[in-house]
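Scroll down for the structure; my scribbles are underneath it.
Protein chains: 2
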Amino acid sequence: MQELIDLIRQSGKVLPGNILKVDGFLNHQVSPVLMQHCGQELARRFQDAGVTRVWTVESSGIAPALMTALALGVPMIFARKHKSLTLTDDLYTADVYSYTKKVTNHISIAKRFVQPHDKILLVDDFLANGQAVNGMMEIAAQAGVQVVGAGIVIEKSFQPGGKELRQAGVRVESLAKIKSLAGGKVSFEEGEA
Amino acid sequence: MQELIDLIRQSGKVLPGNILKVDGFLNHQVSPVLMQHCGQELARRFQDAGVTRVWTVESSGIAPALMTALALGVPMIFARKHKSLTLTDDLYTADVYSYTKKVTNHISIAKRFVQPHDKILLVDDFLANGQAVNGMMEIAAQAGVQVVGAGIVIEKSFQPGGKELRQAGVRVESLAKIKSLAGGKVSFEEGEA
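If you read the sequences in order, they're chains A and B. Residue numbering for the first sequence follows our numbering, starting at 1 and increasing by one per position. Residue numbering for the second sequence follows our numbering, starting at 1001 and increasing by one per position.
See below:
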């Protein structure tokens, strides 16, 4: 998505450890108009998939997931992160390791908001190692519901998450695919401006 | 806002400790259409206030804050919660105690996203004891920027947060005001349906 790529070029900052900082429009300060356009574009790409619910993980996934769900006309659920979980009878749970923060979070979705016929679209701000998406896939497997794909704002395609998901047969749509952050320079995949 | 009040009546659950559970449409599963309507209504109430940015605190405030910012045509910032903070040179920070979770979080906003001329609208999903709003007010005071008011989805007006803010001269607009949860029954303020 050209508007997104232009914004990454203009204001994204590359930090040590292959971190792309986009906190001017995506995960601290947020551009509502950009989020609306991202949501509309992800909804367009999955418009024929019969999506019944959009899932994401708090916090940075909420804005793009909300706008995608609005455009698709379905509810959105954000999985909660917890350091520890005790009472889990009414929750589906999975572990998500954050490479950035070097911590394992448990994520959960309440069972009563999952229906047997659900067709889930997973949305997140970043796809790098795929931990958050894999955690949600695990919850979907526990619940026995279908995942129709993953809609991602920024994919770091030099990290293995996207490739592994596609090899496992998951449809992954990313609005910007970054092939390298080497030398502090953002390089996008071929075919992207 | 009638649509919101109807939804609270239909699917809100009262739990011990004066907790109103609205995780079917506000803070776990989220209704994007309801959030859009809440955002449009808060934007309408503050349309002449010259708002330049909407601030909220992750996670449950993000959805209504995003939609309010979209309707006002301004950026949204969600303050980050941390258990502890070490490097804070480039951050404004404040402490926020959660009565529900019985834990103090530090919240932070990056200094580079705050401009001297900013007129801030604070948005949150709930106003009860006012901790989150007060934390954001403290950050605004540190930064020397003006707060034009607080836009709240659900105010528990039997708890002191809203009253204290109004007494301090802060304009507070709440889309639903709950005067009591006694006996497990949700009672709204006079003038609300």
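Note that beta-carbon positions come from the ideal geometry of N, C-alpha and C, so glycine has one too. From a predicted model like this one, the values you see are computed outputs, not experimental measurements.
Asked                                                                                                                                                          : Found
Closer than 9 Å, CB to CB, is L70/A near chain B or not?                                                                                                       : yes
So V1170/B packs on V1153/B, CB below 8 Å; how close in whole Å?                                                                                               : V1170/B to V1153/B, Cβ: 17 Å. No contact.
Going by beta carbon distance, what residues of the same chain come within less than 7 Å of Q1029/B, once the five residues before and after it are set aside? : D1023
Under the three-state reduction of DSSP, which class applies to T68/A: helix, strand or coil?                                                                  : helix
Where do the ends of the beta strand (DSSP E) carrying L1034/B lie?                                                                                            : Looking at the DSSP string, L1034/B is not in any beta strand (DSSP E); the run it does join, the alpha helix (DSSP H), is P1032 to R1045.
Consult DSSP for E1155/B and reduce its assignment to one of helix, strand or coil.                                                                            : strand
Is the separation between the beta-carbon of V1186/B and that of L1020/B shorter than 9 Å?                                                                     : yes
Got a sec? Which residues, its chain only, sit under 6 Å from A128/A by beta carbon, not counting five neighbours each side?                                   : K156, Q159 and G161
Rounded to the nearest angstrom, how far is the Cβ of L4/A from that of L42/A, given a contact under 8 Å?                                                      : Actually they are not in contact, since the Cβ atoms of L4/A and L42/A sit about 11 Å apart, beyond 8 Å.
Kindly list, in the order they appear in chain A, the residues whose Cβ is closer than 8 Å to that of D1124/B.                                                 : Here the premise fails: no neighbours, minimum Cβ distance about 14 Å.
Taking K13/A as part of the alpha helix (DSSP H), name the residues at either end of that continuous run.                                                      : Per DSSP, K13/A belongs to no alpha helix (DSSP H); it is in the beta strand (DSSP E), K13 to L15.
According to DSSP, Y1099/B sits in a beta bridge with which residue or residues?                                                                               : The partner list for Y1099/B (beta bridge, DSSP) is empty, contrary to what the question assumes.
Helix, strand or coil for G169/A? Go by DSSP, reduced to three states.                                                                                         : coil
Locate the beta strand (DSSP E) running through M76/A, then write down its first and last residues.                                                            : M76 to H82
Using alpha carbons as the reference points, say which of N1105/B, G1039/B, G1191/B and G1135/B lies closest to S1084/B.                                       : N1105/B
Using the Cβ count rule (16 or more neighbours within 10 Å means buried), how would you classify S98/A?                                                        : exposed
Along chain A, which residues have their Cβ under 8 Å away from the Cβ of F1078/B?                                                                             : H28, V30 and S59
Checking contacts by CB at 9 Å: is Q1002/B closer than that to chain A?                                                                                        : no
Would you call E58/A buried or exposed, if buried means 16 or more other Cβ atoms sit within 10 Å of its Cβ?                                                   : buried
Output the distance between the C-alpha atoms of E1190/B and S1174/B, rounded to the nearest integer angstrom.                                                 : 13 Å
Taking the alpha-carbon positions, what's the S1180/B to V1014/B distance?                                                                                     : 10 Å
So that I know if they touch, is there some Cβ in chain B lying closer than 9 Å to that of G17/A?                                                              : no
Could you pull the DSSP bridge partners for D124/A from this structure?                                                                                        : I152/A
Mind pulling the chain B residues with CB within less than 7 Å of N35/A?                                                                                       : It should be pointed out that residue 35/A corresponds to Met in this sequence rather than to Asn. Here the neighbours are L1066.
Ordered along the chain, which non-local residues of its own chain (more than five positions away) have a Cβ less than 6 Å from that of W1055/B?               : I1077, I1120, L1122 and M1136
Check the Cβ of I62/A against every Cβ in chain B and list those closer than 7 Å, keeping chain order.                                                         : S1059, I1062 and A1063
For Q1131/B and V1096/B, I'd like the C-alpha separation in whole angstroms.                                                                                   : 6 Å
Would V1103/B be called buried (16 or more neighbouring beta carbons within 10 Å of its own) or exposed?                                                       : exposed
Going by alpha carbons, who is nearest to G1073/B out of Q1142/B, Q1040/B and F1126/B?                                                                         : Q1040/B
Which bits of chain B does D23/A rub up against, with CB to CB less than 7 Å?                                                                                  : A1110
Which of the three DSSP states, helix, strand or coil, is assigned to F188/A?                                                                                  : strand
At the level of alpha carbons, what is the spacing between A94/A and E138/A?                                                                                   : 7 Å
Taking Cβ positions only, does P75/A come closer than 9 Å to chain B?                                                                                          : yes
Assuming D1125/B contacts G1061/B under a Cβ cut-off of 8 Å, what Cβ separation, rounded to an integer in Å, is found between them?                            : 5 Å
How about F113/A: is its C-beta nearer than 9 Å to some C-beta of chain B?                                                                                     : yes
List the DSSP bridge partners of K1119/B.                                                                                                                      : Q1146/B
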